[in-house]
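Step one of this worksheet: look at the structure below.
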Amino acid sequence: MSRLIYTAFVSLDGVVEAPGGEPGYRNTGWTFAVDFDEDVYSIKAREQGEAGAMMLGRVSYQAFSAVWPQMDDEFPRYNAMPKYVVSTTLAESDLVEGWGTTTILRTLDEVAAVKEAEPAPILVHGSATLARTLSDAGLIDRYHLLVFPFVLGAGKRMWSETDKPRQKLELVESEAYPNGVQKLIYDVGGFDPGV
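For the record, in the sequence shown the residue sitting at position 171 is 171 according to full-length UniProt numbering, with numbers rising by one throughout.
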């Protein structure tokens with residue numbers, strides 16, 4: 001069974017929308033508003049080396065597949081690894097040629113089956129809506145968070161507002177960087193049924 005890891009750039013108030021300059025969000029590109037520190041992004045190289053597959057929602061798949069296949073120097077392992085797209089609307093004809101094997105998953109049961117079948121960790125990139133759904137269903141096993149020193153106010157958030165039991169996270173790695181960014185890696189415990 002593989003570990004499902006959600007990896008995200010997140011503001012202090014939980015916003016994960018458009019960190020890299022994606023259009024349509026008033027604070028787009030907010031991760032570039034801190035001094036660049038190469039050490040902050042070392043987790044990304046580690047993720048690429050350890051992961052066996054990538055899982056995306058439809059919107060992130062369509063955004064990444066338009067750009068990442070041409071960035072083989074930056075993302076050689078990501079480009080080669082299998083991809084799973086969780087979507088009820090994406091058609092097979094919408095899939096991009098030459099970006100690794102891509103499978104469309106329609107249900108959370110199918111996501112759970114992939115977790116059972118894949119031997120190496122599966123990374124969930126971007127995909128805020130998918131991440132909230134997976135979290136609410138108890139399918140995320142670990143969070144890799146780079147927390148940026150901003151309160152953005154509006155925007156897609158990492159966490160849903162679903163009324164669910166308390167869930168314990170165990171901090172397994174952390175580091176603070178001079179530019180104010182913090183790396184926080186949490187393993188996910190189960191839901192607390194008593195709450």
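Don't be surprised by glycine CBs; every beta carbon is placed ideally from N, CA and C.
Go ahead and label Gly-189 buried or exposed: buried means 16 or more other beta carbons lie within 10 angstroms of its beta carbon, across all protein chains shown.
-> Taking the first residue of the sequence shown as 1, we reach residue 189 at position 189. Result: exposed.
Close-in-space but distant-in-sequence residues of the same chain around Leu-171 (CB under 8 Å, 5 per side omitted) | Position 171 of the sequence shown, counted from the first residue, corresponds to residue 171. These residues qualify, in order along the chain: Leu-184, Ile-185, Tyr-186.
Could you give the C-beta distance for Pro-82 and Ala-53, rounded to a whole number, given that I count them as a contact under 8 Å?
-> By 1-based counting over the sequence shown, the position of residue 82 is 82. By 1-based counting over the sequence shown, the position of residue 53 is 53. 5 Å between Cβ atoms; contact.
Sorry if obvious, but does the Cβ on Lys-44 come closer than 7 Å to a heavy atom of the ligand GTP?
-> For the ligand GTP, the structure offers nothing, since it holds no ligand at all.
Quick one: grab the DSSP three-state call for Leu-134.
-> Locating residue 134 in the sequence shown gives position 134, counting from the first residue. Leu-134 falls in the helix class under three-state DSSP.
Collapsed DSSP secondary structure at Ala-154 in the structure displayed | Along the sequence shown, read from residue 1 onward, the residue named residue 154 stands at position 154. Note: Ala-154 maps to coil in three-state DSSP.
Within 8 Å, strictly: CB atoms of Asn-179 and Asp-35 | Within the sequence shown, numbered from 1, the residue matching residue 179 stands at position 179. Within the sequence shown, numbered from 1, the residue matching residue 35 stands at position 35. Going by C-beta atoms, Asn-179 is nearer than 8 Å to Asp-35.
Decide if Val-15 is buried, meaning its Cβ has at least 16 other Cβ atoms within 10 Å, or exposed.
-> Against the sequence shown, residue 15 aligns to sequence position 15. Counting Cβ neighbours within 10 Å, Val-15 comes out buried, since at least 16 surround it.
Start and end residues, beta strand (DSSP E) containing Val-10 = Stepping through the sequence shown from its first residue, residue 10 is reached at position 10. Segment 4-11, the beta strand (DSSP E) holding Val-10.
Residues near Thr-89 by beta carbon distance below 8 Å, same chain, minus five either side = Indexing the sequence shown from 1 puts residue 89 at position 89. Within the same chain, Thr-89 has close Cβ partners Arg-58.
Can the beta-carbon of Arg-132 be found closer than 8 Å to that of Ser-160?
-> The sequence position of residue 132 within the sequence shown is 132, counting from 1. The sequence position of residue 160 within the sequence shown is 160, counting from 1. Yes. Within cutoff.
Alpha-carbon to alpha-carbon, Tyr-177 and Ser-42 | Reading the sequence shown from its first residue, position 42 is the one you call residue 42. Reading the sequence shown from its first residue, position 177 is the one you call residue 177. Rounded to the nearest angstrom, the two C-alpha atoms are 12 Å apart.
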